[in-house]
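Heads up, the thing below is written out as structure tokens.
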Amino acid sequence: MRDANAFVLAHHRHSGQVRGCKFCVAVVDDLDAVHGVAIVGRPVARRLDDGKTAEVTRLCTDGIANGCSFLYSRCARIAKLMGYQKIITYTLATENGASLRASGWQCAPGLRGGGNWNVPGRPRADSRNTGPKRLYYKELR
716 MRDANAFVLA HHRHSGQVRG CKFCVAVVDD LDAVHGVAIV GRPVARRLDD
766 GKTAEVTRLC TDGIANGCSF LYSRCARIAK LMGYQKIITY TLATENGASL
816 RASGWQCAPG LRGGGNWNVP GRPRADSRNT GPKRLYYKEL R
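Residues 716 to 856 in the numbering used here are what the sequence shown lists, from first letter to last.
Here is the structure:
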């Protein structure tokens, strides 16, 4: 996870590192140079954290061809082997989700989120990603 987070910090255009995960996967070339990573953990949304659902919390590449589709496919395959029944991820509403659709994921209707988590009892710094998001999912049966 440390190496995956370092790659995300160096290459992701709008998200930072994650605090925990279930597994990480990378896409590497013939010389073992890393060109992309995916980090998968428990769903961030409490109501989706049912023990049967995994979430791709970060996915980042350096632009290698088909890297995102490869990583999304591998995340789904590994999650299924680990016993998960569903895998989800979110994209910004401005992103087109082509890599997800190419990997067999479906887009749930509507947008999610868009606010922040700052409340008087638990003040939090605003994230750079407070805009609406699209939920993508894949059933792993």
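By construction, the Cβ of each residue, glycine as well, lies at the ideal position given by its N, Cα and C atoms.
Sequence-distant Cβ neighbours of Asp777 in its own chain, meaning closer than 7 Å and more than five residues away, are His726, His750, Gly751.
Spanning the alpha carbons of Ala753 and Leu807 requires a straight line of approximately 17 Å. Just measuring C-alpha positions, the residue of Ala769, Phe785, Glu854 sitting nearest Ala813 is Phe785. Secondary structure at Arg856: coil, using DSSP grouped into helix, strand and coil. In the three-state DSSP reduction, Tyr787 falls in the helix class (H, G or I). Boundaries of the alpha helix (DSSP H) harbouring Val723: 717-726, taken from the DSSP string.
Restricting attention to Ala780, Val743, His729, Thr804, the CA atom closest to the CA of Val755 is found in Thr804. Closest in C-alpha terms to Gly846, from the list Arg717, Arg839, Ala719, Arg827, comes Arg827.
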